[in-house]
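Just below is one structure, and these are the notes that go with it.
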Ligand SMILES: Nc1ncnc2c1ncn2[C@@H]1O[C@H](COP(=O)(O)OP(=O)(O)OP(=O)(O)O)[C@@H](O)[C@H]1O
Ligand SMILES: [Mg+2]
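Residue numbers (the numbering used here): 143 to 396.
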């Protein structure tokens, strides 16, 4: 029998005033699984991700971690349960260097209470080089770094702090092909380590390649769910556009 999912969202709704951003969505992520979340602009993907990462509470519905109900009041609550988020416009502080970003909000201190910059630099460098042996010049402000390097910092940080579920909202939206390939390789490594990944993307081809399961939202509703290996790009695109699976009897095409 399969184990509990790492996280499970049950019948989640979220309203913003009169806007029904989510209308009863169920979503689970298992260990070592990449779940892709697809859908048109405004479908509710980011809101769902933000609920899971503690940015907003749901209007109704339940979140479970390891089968037990949880209530997140902030992203730190979610983090304490091992749920981290990486955005493309990454929440990195531009004027700080990689070690400072790595330990942002979790700074290491000496026994006298001072920032332990040396130990933070060593630990951050070790984690970054472990992830990418070519990562150099770690002491530069991160604003001088490429999108791929910024991602690497965020991902190394998540691994270092024992992330269990990593939410990636459009992680490659602003990256070139080379960096996109690097992020894809990182996703596979994280999955192999047993981390559950919720990947939001518009790139159906990338999603087919990287994910195990594909979940499609439309107008705040879950309209389709398939295993990537049992589906193809056409079927997924069809679910995104029409809000349902392609049926053989759909008669308006050859
Ligand atoms: N803070 C907010 N206040 C009011 N409405 C919001 C807020 N956040 C999202 N919405 C609305 O909720 C709906 C879903 O938005 P969401 O950002 O989840 O879409 P998305 O699927 O991530 O789209 P995209 O692909 O463009 O990123 C939209 O109608 C959006 O306008
Ligand atoms: Mg979005």
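Where a beta carbon is used, it is the ideal one built from N, C-alpha and C, also for glycine.
Cβ-heavy atom distance, residue i to ligand 2, below 8 Å
i: residue 311; result: yes
Closest by C-alpha distance to residue i, when choosing among the options
i: residue 214; options: 146, 192 and 235; result: 192
i: residue 165; options: 308, 333, 372 and 359; result: 359
i: residue 348; options: 329, 161, 286 and 154; result: 329
i: residue 160; options: 178, 201, 171 and 172; result: 201
i: residue 355; options: 334, 335, 336 and 378; result: 378
i: residue 151; options: 196, 300 and 284; result: 196
i: residue 304; options: 222, 170, 323 and 199; result: 222
i: residue 211; options: 194, 237, 332 and 353; result: 194
i: residue 373; options: 292, 340 and 350; result: 350
i: residue 309; options: 371, 274, 254 and 228; result: 228
i: residue 173; options: 315, 336, 259 and 295; result: 336
i: residue 366; options: 386, 167, 246 and 245; result: 386
i: residue 224; options: 254, 302, 288 and 199; result: 302
i: residue 344; options: 272, 153 and 180; result: 180
Sequence-distant residues of its chain with Cβ nearer than 8 Å to residue i (five each side left out)
i: residue 395; result: Residue confidence is low: residue 395 scores 44 on pLDDT, short of 50, so the model does not pin down where it sits. Its coordinate-derived value is still stated next. Answer for residue 395: no residue qualifies.
i: residue 280; result: 239, 240, 241, 263, 266, 267 and 270
i: residue 175; result: 333, 338, 339, 354 and 355
Any non-hydrogen atom of ligand 1 closer than 8 Å to residue i Cβ
i: residue 277; result: no
i: residue 342; result: yes
Contact set for residue i: own chain, Cβ-Cβ below 7 Å, skip 5 residues either direction
i: residue 209; result: 146
i: residue 257; result: 249 and 251
i: residue 171; result: 147, 148, 149, 177, 307, 338 and 340
i: residue 331; result: none
i: residue 169; result: 151, 190 and 357
Outcome for residue i when other beta-carbon atoms lying within 10 angstroms are tallied against a minimum of 16
i: residue 382; result: buried
i: residue 393; result: Caution applies to residue 393, whose pLDDT of 46 falls short of 50 and renders its modelled position unreliable; the model cannot decide the point.
i: residue 204; result: exposed
i: residue 143; result: Since pLDDT at residue 143 reaches only 46, below the 50 mark, its modelled position is unreliable, and the value read off the structure follows with that caveat. Counting Cβ neighbours within 10 Å, residue 143 comes out exposed, since fewer than 16 surround it.
i: residue 183; result: exposed
i: residue 311; result: buried
i: residue 158; result: exposed
i: residue 319; result: exposed
i: residue 243; result: buried
i: residue 278; result: exposed
i: residue 289; result: buried
i: residue 275; result: exposed
Residues of its chain near residue i, where Cβ-Cβ distance is below 6 Å and the 5 sequence neighbours each way are ignored
i: residue 163; result: 156, 186, 189 and 362
i: residue 206; result: 150
i: residue 297; result: 328
Taking any heavy atom of ligand 1 as the mark, which residues have a C-beta closer than 6 Å to it, listed down the chain? That query returns the following residues: 158, 161, 163, 181, 183, 184, 185, 186, 187, 188 and 189.
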